[in-house]
Amino acid sequence: MRRRNDEWTLSAAAAPQYGHSVDVCGHLRSGPHRSALYGLTHGYAAAAWIGFAVLLSVTELAITCGYHRLFSHATYQAHPALKVIFLLFGAMACRISALVWSASHRIHHRFIDDPERDPYCARRGFWFSHIGWMLRNYPSGDPDLKYVRELQSDPLVAFQHRHYFALALGMNIVYDTDGWRSATFLARSC
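Oh and the sequence shown: position 59 is 68 in my numbering, straight run, nothing missing.
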């Protein structure tokens, strides 16, 4: 995918280098889309919808209140148990580790007027600032961990960063197997 004259084009000669662990083709074949198709054709029980709403809310709070406000901006202090919840559900949201997310966000604020150094600069266009920056590796997207030295010394954040892939995979598989089984059981018992 190359950008020409403010338009995105896909060139067969230029194989896209996807960054931030995003596989677009794999994502289109993934469980959420199959689940949505199943839901449209067969419907879901009320317990499944409630579980979906709760999980969506918890992962959104983990990113907004945890990754963004607690870790990136350090706007408040949190109990270690709350940090663990934010780190686990942030991993479940598959938004990368809190350490890398915070480093990128701090760089974004530091270089907000510099389109070449801001990882998701709005001046580079709506597409780029909302999703384009995640689909390819750009030099501006390389995280510089010198901006998050205090987070590197936090043992919980460091643990999540070291074991991010296993935590993300584990949180999603545990919910997928145990969560749906529980939701199905609750739906049948109601």
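Positions of the beta carbon are idealized from the N, C-alpha and C atoms, including for glycine.
**Message:** My output table needs one value for Ser81: the three-state DSSP class, helix, strand or coil.
**Reply:** Here residue 81 refers to the residue found at position 72 of the sequence shown. Note: Ser81 maps to helix in three-state DSSP.
**Request:** Could you check if Tyr85 is buried or exposed, using at least 16 other CB atoms within 10 Å of its CB as the buried criterion?
**Result:** Sequence index remark: in the sequence shown, residue 85 carries index 76 (1-based). Exposed.
**Prompt:** So, are the CB atoms of Ala112 and Tyr156 less than 8 Å apart?
**Reply:** Numbered from its first residue, the sequence shown carries residue 112 at position 103. Numbered from its first residue, the sequence shown carries residue 156 at position 147. Contact: yes.
**Request:** Examine the Cβ distances between the region 72–84 and the region 92–102 and report whether three or more of them are shorter than 8 Å.
**Result:** yes
**Message:** Measuring straight from C-alpha to C-alpha, what distance separates Ala167 and Phe80?
**Reply:** Reading the sequence shown from its first residue, position 158 is the one you call residue 167. Reading the sequence shown from its first residue, position 71 is the one you call residue 80. Rounded to the nearest angstrom, the two C-alpha atoms are 12 Å apart.
**Message:** Determine whether the beta carbon atoms of His8 and Pro128 lie at a separation below 8 Å.
**Reply:** The displayed coordinates of the chain run from 10 to 199. Any statement about residue 8 would go beyond what the structure contains.
**Message:** I'd like to check one pair, Tyr173 with Ala100: are the Cβ atoms closer than 8 Å?
**Reply:** For the purposes of this step, residue 100 is taken as residue 91 along the sequence shown, with counting starting at 1. For the purposes of this step, residue 173 is taken as residue 164 along the sequence shown, with counting starting at 1. Yes.
**Request:** Could you check the C-alpha separation between Ile59 and Leu144 for me, to the nearest Å?
**Result:** Residue mapping note: residue 59 aligns to position 50 of the sequence shown, counting from 1. Residue mapping note: residue 144 aligns to position 135 of the sequence shown, counting from 1. Between Ile59 and Leu144, the C-alpha separation is close to 31 Å.
**Asked** What residue ranges within the region 52–101 form continuous alpha helix (DSSP H) runs of no fewer than 4 residues, ordered along the chain?
**Response** 55–70 and 89–101
**Prompt:** Tell me which same chain residues have a C-beta within less than 7 Å of the C-beta of Ala131, skipping the five on either side of it?
**Reply:** Within the sequence shown, the letter at position 122 stands for residue 131. Same-chain partners within the cutoff: Ser138.
**Request:** Measure from the alpha carbon of Ser149 to the alpha carbon of each residue in His114, Pro89, His170 and Ala57, then state which is nearest.
**Result:** Along the sequence shown, one-based indexing puts residue 149 at 140. Measuring from the Cα of Ser149, the nearest candidate turns out to be His114.
**Request:** Give the DSSP-derived three-state secondary structure of Tyr156 in the structure shown.
**Result:** Locating residue 156 in the sequence shown gives position 147, counting from the first residue. Helix.
**Request:** Give the range of the alpha helix (DSSP H) segment to which Ile116 is assigned.
**Result:** Position 107 of the sequence shown, counted from the start, is the residue given in the question as residue 116. That run of the alpha helix (DSSP H) goes Ala107 to Arg119.
**Message:** Please classify His170 as buried or exposed, where buried requires at least 16 neighbouring CB atoms within 10 angstroms.
**Reply:** As a position in the sequence shown, residue 170 is number 161, starting the count at 1. It is buried - the Cβ of His170 has at least 16 other Cβ atoms within 10 Å.
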